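Report on one structure; see the data block that follows.
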Amino acid sequence: MGTYEDVFRASTEDPESFWLKAAQSIDWEVAPERALDSSGAPFHRWFPDGRLNVCFNAVDRHVEAGRGEQPALIYDSPVTGTRRAYTYAQLRNEVAAFAGALTQLGVGHGDRVVIYMPMIPEAAIAMLACARIGAVHSVVFGGFASYELAVRIDDAAPKVIVSASCGIEGKRVIAYKPLLDRAIELAEHRPHTCVILQRPETQAELGPDDLDWADLIATAPPADCVPVPANDPLYILYTSGTTGKPKGVVRDCGGYAVALHWSMGAVYDVGPGETMFTGSDVGWVVGHSYIVYGPLLVGATTVLYEGKPVGTPDAGQFWRVAAEHQVKTIFTAPTAFRAIRKEDPKGELAGEYDLSGLRYLFLAGERLDPETYQWASDLLDIPVIDHWWQTETGWPIVANPVGIKAAPVKPGSPTLPLPGWDVRVLDASGEPVPAGVDGAIVVKLPLPPGALPTLWNDDERFVASYLSAFDGYYLTGDGGHIDEDGYVFVMGRTDDVINVAGHRLSTGSMEEALASHPDVAECAVIGVADTLKGQVPRGFVVLKAGTGREPSEVEAELVQLVRERIGAVASLKDVAVVAALPKTRSGKILRKTMRGIADGIDEPIPSTIDDPGVIDTLRPVLRRTGHTP
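Quick note on UniProt numbering: the sequence shown kicks off at 1 and runs consecutively.
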């Protein structure tokens, strides 16, 4: 591919040629002759004259190339004790059968299908089946609250909903059908049919409009791939919105396929026959891009894991998966490694497995604190790659592209903008800031292939949310700086910059200081209302297992540590040791929710929360240390 500098320069100086060349790695029904159509700016379309089928590219073409017996998807479920592998030929047959079943139910090109399933192979099969017939899937986390599911049903207006009888969260079996039934009651839109996969752990009672997955595919004729225009939507994925109504991020077919295929080699260094384990959920963008579509597009083997990084049954499960399935690249969230480190501070469980085949660890989703980076790097003795991206972007914005050439690491930075991403930092007036100075991180338009072209049925909100703050730029919502070497430092959401007595301070910097303490497993700093200073920071930390120290002693050390690292201006005088921090199921700490509760606001609990009980436990501590009347 050449050096990073050469590749990046090619992507910015002649993006048309760069992405048309990248598009040659995809099989097209009609190959595009144009890369970019900006005639409708600020709406941009990639490969507007191309036609393809994403499912064909992810599955069928590998079978036709003679690699049908290679493993495509490995299902590893410690919560059920199940291991199952699908070859590319088997996966094609399963996908074609379910695509045929959907076709018999009247689902066709452009129709929507909501997928409400746990981490089981059938979730990926349903996604690919929709892509096969040109339908648009919208995956909603299995176990999501009924109201939140109803909102998504009304927005996507699906013809069919695909679900399962239950999901398994740790040791809990959660019945999905009552949640789904309630959601349909709440929704104004009525799907024609619900298809339910019965799992052994719980059998769902089917209603008159429900069909059994197994019965349905037993008689369904297999469906062929339907080529669609490159700009057709492949899926809708909802991300939380500030107004309460979730934003339906649209992903197109052609740009996404090209970008993911390119990123698999350039960023993750994963190619045909190699194995990638992404510890996420298909309900998140990471699961869409790097459990399902990305690895399959390049003919790799993907691991779909049903379990947690700890507790199912121990903190060594990621190492077991890597060893058993000869994993080359792991991709997960920093919070997963903070959880592993908390339970196994010395990393002793890693020594029980042969990890000689593991080459890279990629982390994204939360800011990677230098302490976690160092711990993982020392433990594994392989490159630990921080990278940064969003639901909206579909693939990484900033990373260390090991498939091109890895750059020297600077702890705290996800490294360099990837080809296609023209990243800038602007001040409040839209002017560029000097190197090293914090501001709003933005991307110059047009966004590269794979990024969202708009929001589902809401062009106006797309412009208002992302394009209106700075003319000609996409607003990421994150703040930070770019140093003199071009390295990007993402310090957190722009609303995580707090104003203490006129001083603008990054809570990310304070978290970095707290995380450096040897007894701290993970932490969060929030700014809460104060009548004297406007805002003051409050710190919350979870200690590593077996520290055996008094919380008050550690708390005092942490206050002093921040004072030494940042100075008295930080005004961090209250740090509380807590049992756990509230997080989404993707591992993001719910700082906004914590801040609202501390400020005395009746803050709604996000539907994406992993364990609502953590908030209940934390609420008295937040109220005690927070709101100043």
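The beta-carbon is built from N, C-alpha and C at its ideal position, and this holds for glycine as well. Owing to the predicted nature of the structure, the values given are computational and were not obtained by experimental measurement.
Distance between residue j and residue i (C-alpha atoms, nearest Å)
{"i": "His288", "j": "Thr335", "result": "19 Å"}
{"i": "Leu73", "j": "Pro419", "result": "29 Å"}
{"i": "Lys171", "j": "Tyr305", "result": "15 Å"}
{"i": "Pro78", "j": "Ile291", "result": "18 Å"}
{"i": "Thr242", "j": "Leu618", "result": "Low per-residue confidence applies at Thr242: pLDDT is 46, beneath 50, and the placement is therefore not dependable, though the value from the model is reported in the following sentence. Rounded to the nearest angstrom, the two C-alpha atoms are 23 Å apart."}
{"i": "Ala513", "j": "Met491", "result": "13 Å"}
{"i": "Asp338", "j": "Val139", "result": "With the sequence shown as reference, residue 338 is identified as Arg, and Asp is not the correct amino acid for it. Computed Cα separation, rounded: 27 Å."}
{"i": "Tyr487", "j": "Asn93", "result": "45 Å"}
{"i": "Trp284", "j": "Pro414", "result": "20 Å"}
{"i": "Asp427", "j": "Cys253", "result": "35 Å"}
{"i": "Ala23", "j": "Gly255", "result": "9 Å"}
{"i": "Val114", "j": "Asn457", "result": "16 Å"}
{"i": "Ile385", "j": "Leu379", "result": "14 Å"}
{"i": "Ala183", "j": "Ala164", "result": "15 Å"}
{"i": "Ala131", "j": "Ala257", "result": "12 Å"}
{"i": "Leu297", "j": "Glu122", "result": "18 Å"}
{"i": "Phe141", "j": "Glu564", "result": "43 Å"}
{"i": "Gly265", "j": "Pro15", "result": "19 Å"}
{"i": "Thr275", "j": "Asp60", "result": "19 Å"}
{"i": "Ser11", "j": "Leu20", "result": "11 Å"}
{"i": "Ala145", "j": "Lys177", "result": "12 Å"}
{"i": "Ala150", "j": "Asp181", "result": "10 Å"}
For residue i, the residue or residues it bridges with in DSSP
{"i": "Ala350", "result": "Looking at the DSSP assignment, Ala350 forms no beta bridge with any residue, so it has no partner."}
{"i": "Ile566", "result": "Bridge partners of Ile566: none, in fact."}
{"i": "Gly539", "result": "Val525, Val575"}
{"i": "Pro432", "result": "Leu426"}
{"i": "Phe489", "result": "His481"}
{"i": "residue 635", "result": "With the chain covering only 1 through 629, there is no way to say anything about residue 635."}
{"i": "residue 630", "result": "Here the chain covers residues 1 to 629 and nothing more, so residue 630 does not appear."}
{"i": "Phe331", "result": "Thr278, Phe362"}
{"i": "Asp210", "result": "Cys194"}
{"i": "Trp388", "result": "Val398"}
{"i": "Asp252", "result": "Pro233"}
{"i": "Val228", "result": "Leu52"}
{"i": "Lys247", "result": "Thr239"}
{"i": "Tyr473", "result": "Lys444"}
{"i": "Val303", "result": "Ile74, Phe277"}
Burial state of residue i (16 or more Cβ within 10 Å)
{"i": "His62", "result": "buried"}
{"i": "Ser356", "result": "exposed"}
{"i": "Tyr473", "result": "buried"}
{"i": "Arg549", "result": "exposed"}
{"i": "Ile340", "result": "buried"}
{"i": "Asp485", "result": "exposed"}
{"i": "Lys346", "result": "exposed"}
{"i": "Glu371", "result": "buried"}
{"i": "Ala156", "result": "buried"}
{"i": "Tyr373", "result": "buried"}
{"i": "residue 630", "result": "No statement about residue 630 is possible, as the shown extent of the chain runs from 1 to 629 and does not include it."}
{"i": "Pro191", "result": "buried"}
{"i": "Gln317", "result": "buried"}
{"i": "Thr593", "result": "buried"}
{"i": "Val30", "result": "exposed"}
{"i": "Asp111", "result": "buried"}
{"i": "Ala41", "result": "exposed"}
{"i": "Gly167", "result": "buried"}
CB contact flag (residue i, residue j, <8 Å)
{"i": "Thr584", "j": "Asp610", "result": "yes"}
{"i": "Ile196", "j": "Asp210", "result": "yes"}
{"i": "Val107", "j": "Lys159", "result": "yes"}
{"i": "Gln104", "j": "Thr87", "result": "no"}
{"i": "residue 631", "j": "Tyr4", "result": "Examination of residue 631 is not possible in this model, given that the chain is present from 1 through 629 alone."}
{"i": "Gln390", "j": "Thr476", "result": "yes"}
{"i": "Gly273", "j": "Ala300", "result": "yes"}
{"i": "His109", "j": "Ile133", "result": "yes"}
{"i": "Met510", "j": "Gly539", "result": "yes"}
{"i": "Glu148", "j": "Ser468", "result": "no"}
{"i": "Glu188", "j": "Asp154", "result": "yes"}
{"i": "Glu522", "j": "Val542", "result": "yes"}
{"i": "Ala58", "j": "Tyr360", "result": "no"}
Test: residue i CB closer than 8 Å to a CB of chain D
{"i": "Val59", "result": "Among the chains in the structure shown there is no chain D, since it carries only a single protein chain."}
Handout entry: Unbroken stretches of the alpha helix (DSSP H), 4 residues or longer, contained in the stretch 272–300
Key = Taking only runs of at least 4 residues, the alpha helix (DSSP H) segments lying wholly in the stretch 272–300 are 294–297.
Exercise for the section: Ignoring anything shorter than 3 residues or poking outside the stretch 394–471, list the beta strand (DSSP E) runs there in chain order. Expected result: 423–426, 439–444
Practice task
Please specify which runs of the alpha helix (DSSP H), each continuous and at least 4 residues long, are wholly inside the stretch 10–89, giving them in chain order.
Solution key: 15–23
Handout entry: Length-filtered (3 minimum) beta strand (DSSP E) runs lying within the stretch 137–190
Key = 160–164, 166–169, 172–175
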